[in-house]
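Top line first, the protein sequences correspond to chains A and B.
Here the first sequence is numbered in my numbering, starting from 1 and rising by one per residue.
Here the second sequence is numbered in my numbering, starting from 154 and rising by one per residue.
Protein chains: 2
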Amino acid sequence: MARSPDPLNLDSMLCFAVYAAGHAFTRFYKPRLDAIGLTYPQYLAFLVLWEADGISVKALGDRLFLDSGTITPMVKRLEARGLLQRQRDEDDERVVRVYLTAEGRGLRAKALAVPLEVGAALSDEAATVDTLRAGLHRLRVLLDDASSGTPSA
Amino acid sequence: MARSPDPLNLDSMLCFAVYAAGHAFTRFYKPRLDAIGLTYPQYLAFLVLWEADGISVKALGDRLFLDSGTITPMVKRLEARGLLQRQRDEDDERVVRVYLTAEGRGLRAKALAVPLEVGAALSDEAATVDTLRAGLHRLRVLLDDASSGTPSA
DNA sequence: CAAAATTCAATTGCGCACAATTTAATTGCG
DNA sequence: CGCAATTAAATTGTGCGCAATTGAATTTTG
């Protein structure tokens, strides 16, 4: 009589493992990002901006899987702090582009230390990290496919 | 001359893979949980309550890695909807315990369908799911250890 | 036993995160 | 060309999520 496993058991659920690991990352990043004055989502936005300065609000949101309701106020807060500027595209007035200021570009140097500390915390698991990231990427794709009406259609 | 990989490249970061997969889960769950009237965090709380009715607010928060600033208002909203009741512990007046109502217990039957749909979306990856979950669990432990002053101390 | 320290819940303030709506600009189609 | 459909941002409202603080109950300790 093998007891049937509870299908609603929290610890057996992949979704909760992802949820909890996400919060753990936020906690880990918090003191490191406090040092450069960014929140974790803001840090992600800068990762994009350091690679693609002048990107549109829309494209920034697509890159981070966030919508305008999240991006717009975040970008406005960063603009208020002088880390970037928002500017309407001349050719298409619907589009707002985000340009880093010198101060915003300057943050990058300080940010370089952060992934090193992540690497240190996970030092023994270097091999697993690639597997995990690949698995999570595939997970996201499968979930998003399933979320937007089966793509087989 | 192998080009040195950008240490701040978004797509190479495990933290972003976790972050994005978490949002993908939320999106996937949204329409399923709308059907039973719960948000995703509320669903997690019920997973705990269905297994541990009468748990304290503190213990519920520990289980979900959330603090009273998150749990207290969530539990109050659920109480306002008649899904549970809050009650001070008689032996220790600091403690508030959470008890499911009949309606709250009744949600469990509807919730059983949800993990089945997750399984369906990830059908071909059943083998990877266990590896992923284990990897994420270990990831969370390593990050939390590193977050709370090295435990080697 | 009494004062100090700890614990639990609640509260306040700020920043995501997303659904739904609104407004403006652009594209597409007859 | 002119109107409909689409697209981009912004806005509104609700609900997390956490830091910091408060207040009350309990435990620890001198």
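From the three backbone atoms N, C-alpha and C, an ideal C-beta is built for every residue, glycine too.
No experiment lies behind these values; they were computed from the predicted model shown.
Check, Outcome
"Which residue from A:31, A:144 and A:130 puts its Cα closest to that of residue 164 of chain B?", "A:130"
"Quick one: what does DSSP say residue 240 of chain B is sitting in, helix, strand or coil?", "strand"
"Does residue 97 of chain A come out as helix, strand or coil in the three-state DSSP assignment?", "strand"
"Can you tell me the Cβ-Cβ gap for residue 84 of chain A and residue 75 of chain A, rounded? I've got them flagged as a contact below 8 Å.", "7 Å"
"Quick one, are the C-beta atoms of residue 98 of chain A and residue 55 of chain A less than 7 Å apart?", "yes"
"Could you check if residue 38 of chain A is buried or exposed, using at least 16 other CB atoms within 10 Å of its CB as the buried criterion?", "buried"
"Can you give me the start and stop residues for the alpha helix (DSSP H) that residue 131 of chain A sits inside?", "126-147"
"Where residue 270 of chain B and residue 292 of chain B are concerned, what is the direct C-alpha to C-alpha distance, given to the nearest angstrom?", "26 Å"
"Starting from residue 160 of chain B, trace the alpha helix (DSSP H) both ways and give me its first and last residue.", "Careful: residue 160 of chain B lies outside any alpha helix (DSSP H) and carries neither H nor E."
"Out of A:124, A:107 and A:29, state which residue places its alpha-carbon closest to the alpha-carbon of residue 82 of chain A.", "A:107"
"Against chain A, with Cβ distances strictly below 7 Å, would residue 180 of chain B count as a contact?", "yes"
"So that I know if they touch, is there some Cβ in chain B lying closer than 7 Å to that of residue 32 of chain A?", "no"
"Quick check: what's the CA-CA separation for residue 288 of chain B versus residue 166 of chain B?", "15 Å"
"Which residue from A:26, A:8 and A:7 puts its Cα closest to that of residue 169 of chain B?", "A:26"
"By Cβ distance below 7 Å, which residues in the same chain neighbour residue 231 of chain B in space, the five residues on each side in sequence not counted?", "195 and 237"
"Give me the Cα-Cα distance between residue 191 of chain A and residue 71 of chain A, rounded to the nearest whole angstrom.", "Any property of residue 191 of chain A remains undetermined from this structure, which presents chain A solely from 1 to 153."
"Using a C-beta cutoff of 7 Å, does residue 251 of chain B count as contacting chain A?", "no"
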